[in-house]
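Worksheet: the structure to be examined is printed underneath.
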Amino acid sequence: MGYTNLINKFLTADLVIVGGGLAGLSSVLFTDLLFNDELKERTSVVLISKSSLGFATSTYYSEGVFRCPVNGYSREAYLRDVLESGRYVNRRPLVNALVSESLESVLLLEKVGIKFKSSKGFLRVVSDDLIFPGKELVLALRSYVLSKKNVKILENTYVLDVILGSNGSFYVICLSGNGDWILINSKVVLLATGGAANVYIRSDNPSQHTCDGHGIALRLGLPLIDMEFIQFFPLGIAVEGRPSLMIGFTKGKLVNGRGEDLIKKYGLDSLGRAVVYHRDKLSRYMMKEVNDGNDVNGALLLYPDLQEDRLSSGYVLMRRLNLSPPIKVLPTAHFSMGGVEVDEHCRTAIKGFYAVGELMGGVHGANRLGGNALTACVVFAKKAVEDIKNYIEKEFKDSVGRQVDTEVLRNVIERYNVREGPYDAGNLRNEIRSIMWSKVGVIRSAQTISESINELSNILENLHKIRIVTRHDVVKYVEVENTLLTSLAIAHASLTRTESRGSHYRVDYPNEDPNWIKNIIIKYNNGRYTINVEQVK
């Protein structure tokens, strides 16, 4: 595939936003709210969504809850809780920004018609959907963004890669759903592609989450931070043919194959408190039961109290999925605390390149405080757009256009050449996810992590053997590469942290070590990972 006969469309932009979830949609909202009329008039914005805008995102399937200092919950308490949950390895400037700007930023969503009800420490989206109130939020933002005539929206378009131009601009290489190859030259790129929890075969994240932003960042040489920290939710559906979604029951019994009540066995207060306050411990205890052979066909049994929990989201989901007690459950990967290293303005190490939402790392530390996922998306989308406004207005002087280093572009695109090969991309990606689940999952050790690195590295060496025949195969190939590169980053970071902290549990280092109040920074270059350990900033 040569450059000249490959690109179907060439676009220019001042700002390209990649990602159609809450962080990406909020970024468009803030360009509208923060840019003056003159700047809006002359600023071209392109929003790229891998799927239909707003759908297939974690926010759509969320509970629509934002943690904020409201109703007697002070900023001081908020700050304390974030740091305590993160086990003090959070980047403090990011936490300060989150805490100080959360309420103001979240309330700006009222501009798109969102209504909130408040309780101590939380704003909740008002919605008729008991299972996924986040749908209300996404659909309102989607409608607002679609109404903006100055924003070009590319739906069902996959970003294969981003390369840096000689003048500091960026070339975004895309493949649309109808097969068009699109090249966009932009002054600024903002990635909002979501987290990395879907590197696990058991995850409640949408299947379209394939670590695309992580892969792009790694290939650009950007550092990732805190990649060892993955949050698992203990009560994930483990019924064949059903998705591995969280099921929100708080009343009832969780038993093993021997009929033992695990809440009593491990001295926990109640199922509800264990799910809310001790989900890491409960996830570990559940996996220990499975590893000890006390499972029921690889899972444990949940007997919900249907009288007490009849109004819960778990009850509604159980009925919607046609499940009946006992429900087979097992932990499911839910959220990744780590991601691209950024400052409090979401700037990466490359000028003009930003990361927001779950893709960015550093704010949550070793474990995310409940309610902070959506809050962080909105706060840091606003922070990024504020900085981008200044960059476009005052700093970036060159124009963007069709001048492109064809040799650099050709080298990138040659990775997608048509070729026969023994490996199918879809099968290989599931193999990667199975390795991650079994060896770098809830319970880890030096032995299992090292085994995973060896197996994943062998796959990396054989990536060129993946079969690419159609343009659909090109997308699947890049998804495998992104998943693989991110999985290796998680594995290397997990091996490096020789302690247990927050969501990271090492059976060979089961205790928290005060000497490990540090961040692990990992970079990738030409098949090799480099790791630095830094004091928390």
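Under the working numbering, think of the first position of the sequence shown as 123, with each following residue one higher.
Ideal placement from N, C-alpha and C gives every residue a C-beta, glycine not left out.
Residue j beta carbon less than 8 Å from that of residue i
i    : j    : result
F646 : L607 : As written in the sequence, residue 646 is Tyr, which differs from the Phe given in the question. Yes, these two residues count as a Cβ contact at 8 Å.
I581 : I612 : no
D251 : T454 : no
I295 : L133 : no
R324 : L452 : yes
R490 : S207 : yes
L481 : A615 : no
S435 : G370 : yes
T620 : R551 : no
G235 : Y195 : no
I170 : L276 : yes
Q353 : F457 : yes
K274 : S291 : no
V192 : L225 : yes
Residue i, buried or exposed, once every other Cβ within 10 Å from all chains shown has been counted against 16
i    : result
K131 : exposed
K505 : buried
S269 : exposed
S149 : buried
P115 : It is not possible to answer for residue 115, since the shown part of the chain is limited to 123 through 659.
D431 : buried
K450 : buried
G666 : Only positions 123 to 659 of the chain appear in this structure, which leaves residue 666 out of reach.
L433 : exposed
E185 : buried
G146 : buried
Coarse secondary structure for residue i, derived from DSSP in three states
i    : result
M459 : coil
C296 : strand
N130 : coil
L147 : helix
M123 : Unreliable placement is indicated for M123, whose pLDDT of 42 sits below 50; the coordinate value is still reported in the next sentence. Reduced to three states, the DSSP call for M123 is coil.
Y210 : coil
R541 : strand
S572 : helix
F502 : helix
D595 : helix
D159 : helix
T528 : helix
K450 : strand
G484 : coil
T652 : strand
H467 : coil
N272 : coil
I253 : coil
V478 : coil
T279 : strand
A178 : coil
N289 : coil
S240 : strand
I472 : coil
L443 : coil
K511 : helix
V192 : coil
Reference residue i, options the options, closest by Cα
i    : options                : result
L205 : N633, G624, T497       : G624
H486 : F475, P255, I285, C499 : C499
G256 : G243, L231, T279       : L231
V591 : P356, D630, V540       : V540
I547 : F157, F177, Y599       : Looking at the sequence provided, one finds Ala at residue 547 rather than Ile. Closest option to A547, Cα to Cα, is Y599.
G461 : R551, I643, S308       : I643
I565 : L445, N533, R442, F351 : F351
V377 : P356, R650, K274       : P356
C333 : K172, V221, K473, I653 : K172
M558 : A488, V321, G335       : V321
L610 : V629, I653, P632       : I653
T470 : L443, E656, I510, P448 : I510
E508 : L155, L144, D136, A135 : L155
D203 : A488, K274, I575       : A488
A339 : P328, Q353, G358, G317 : G317
F254 : K587, E536, Y437, L175 : Y437
S560 : E601, M409, V658       : M409
L220 : M440, E382, D302, E466 : E466
T181 : L428, T497, V167       : T497
V534 : V281, S366, G176       : V281
V228 : C190, S166, R209       : C190
R650 : L259, P345, W638       : P345
Cβ of residue i within 8 Å of any chain D Cβ
i    : result
S405 : The chain inventory of the structure shown lacks chain D, comprising one protein chain alone.
Note to self: List, from N- to C-terminal side, the beta strand (DSSP E) runs of 3 residues or more that fit wholly inside the segment 352-429.
What the structure shows: 352-359, 374-377, 422-426
Check: Whole beta strand (DSSP E) runs in the segment 296-344 with 3 or more residues, listed along the chain?
Finding: 303-313
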